[in-house]
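Quick note, the sequence shown lines up with residues 2 to 177 if you use the numbering used here.
Below is one structure, written out as structure tokens; the observations come after it.
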Amino acid sequence: YGHRRARIVLAVQERPGSLPTLVLELGVLTGKLMQEISAGGHVRIALECEKKSKKSPDAGEGGGSVSLLEEAMWTAYVNGRRVGYAVRREATDGDLAVMQLLSTVSVGAGVLPGDVVDEPPGGAADADGEVAYMRAGFDRVTGSKDSESFYMVSPDGDGGAGAGGGTELSIFFVRV
2 YGHRRARIVL
12 AVQERPGSLP
22 TLVLELGVLT
32 GKLMQEISAG
42 GHVRIALECE
52 KKSKKSPDAG
62 EGGGSVSLLE
72 EAMWTAYVNG
82 RRVGYAVRRE
92 ATDGDLAVMQ
102 LLSTVSVGAG
112 VLPGDVVDEP
122 PGGAADADGE
132 VAYMRAGFDR
142 VTGSKDSESF
152 YMVSPDGDGG
162 AGAGGGTELS
172 IFFVRV
């Protein structure tokens with residue numbers, strides 16, 4: 002979700018109504034991502050972080066002491082184009098308010114009016130107030146300790162955009 006002229010926030014929850022297990026602020030404007038999604042087809046968000054060297058004092062046995070989704074900084078790509086960075090952060094009161102408003106939504110996309118949500122996390126003065134959101138279920142696939150993927154699940158079971166359904170979205174986390 003995100004204010005149209007502010008950065009997009011990716012929040013991962015185990016189920017609607019639960020606290021987020023991951024909150025990332027991506028370096029792409031919400032409006033720009035909405036353009037990619039409305040263009041149709043499959044939208045791929047790739048988030049890459051660097052492996053810590055084994056000689057690094059904060060590195061654990063496997064080259065990194067934190068789990069993949071606990072990494073703090075990511076290089077972000079949308080459909081193969083670098084769009085900046087993504088930063089892990091704690092959920093703000095504004096994030097929790099949006100998630101509370103959306104707790105009864107199982108699947109869907111829409112816009113929340115500006116008077117029911119706080120200003121964007123960065124305090125962007127040019128935000129138009131409205132908050133665009135997309136909510137869906139995702140299949141989580143762990144490839145290894147250095148790769149995880151989330152694939153949007155179509156509620157119809159029609160396979161998403163590839164089978165005549167709606168938008169298909171995949172999010173890849175990779176430690177390289």
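Even for Gly, the Cβ is constructed at its ideal location relative to N, Cα and C.
Who are the near neighbours of Val112 in its chain, counting only those whose CB is closer than 6 Å to its CB and skipping five residues on each side?
So the list reads Glu131, Ala133, once near-sequence residues are dropped.
What did DSSP end up calling Asp27 once you bin it into helix, strand or coil?
For the record, residue 27 in the displayed sequence is Leu; it is not Asp. Strand.
Any idea if Leu20 is buried or exposed, counting beta-carbon neighbours within 10 angstroms, 16 or more meaning buried?
Result: exposed.
Hey, how far is the Cα of Phe151 from the Cα of Asp116?
Phe151 and Asp116: Cα-Cα distance of roughly 32 Å.
Here's the rule: buried if 16 or more other CB atoms are within 10 angstroms of the residue's CB, otherwise exposed. What is Val10?
By the neighbour-count rule (16 or more Cβ atoms within 10 Å), Val10 is buried.
Check Asp116 in the structure and name its three-state DSSP category.
Helix at Asp116.
Is it buried or exposed, Glu149, if we count other Cβ atoms within 10 angstroms and call 16 or more buried?
Glu149 comes out buried.
Would you report the Cα separation of Asp94 and Ala40, rounded to the nearest angstrom?
Straight-line Cα distance between these residues: approximately 32 Å.
Taking a contact to mean a Cβ-Cβ separation below 9 Å, would you say Ser107 touches Pro17 in this structure?
Yes, they are a contact pair.
Do you know offhand how far Arg136's Cα is from Leu34's?
The straight-line gap from Cα to Cα measures roughly 14 Å.
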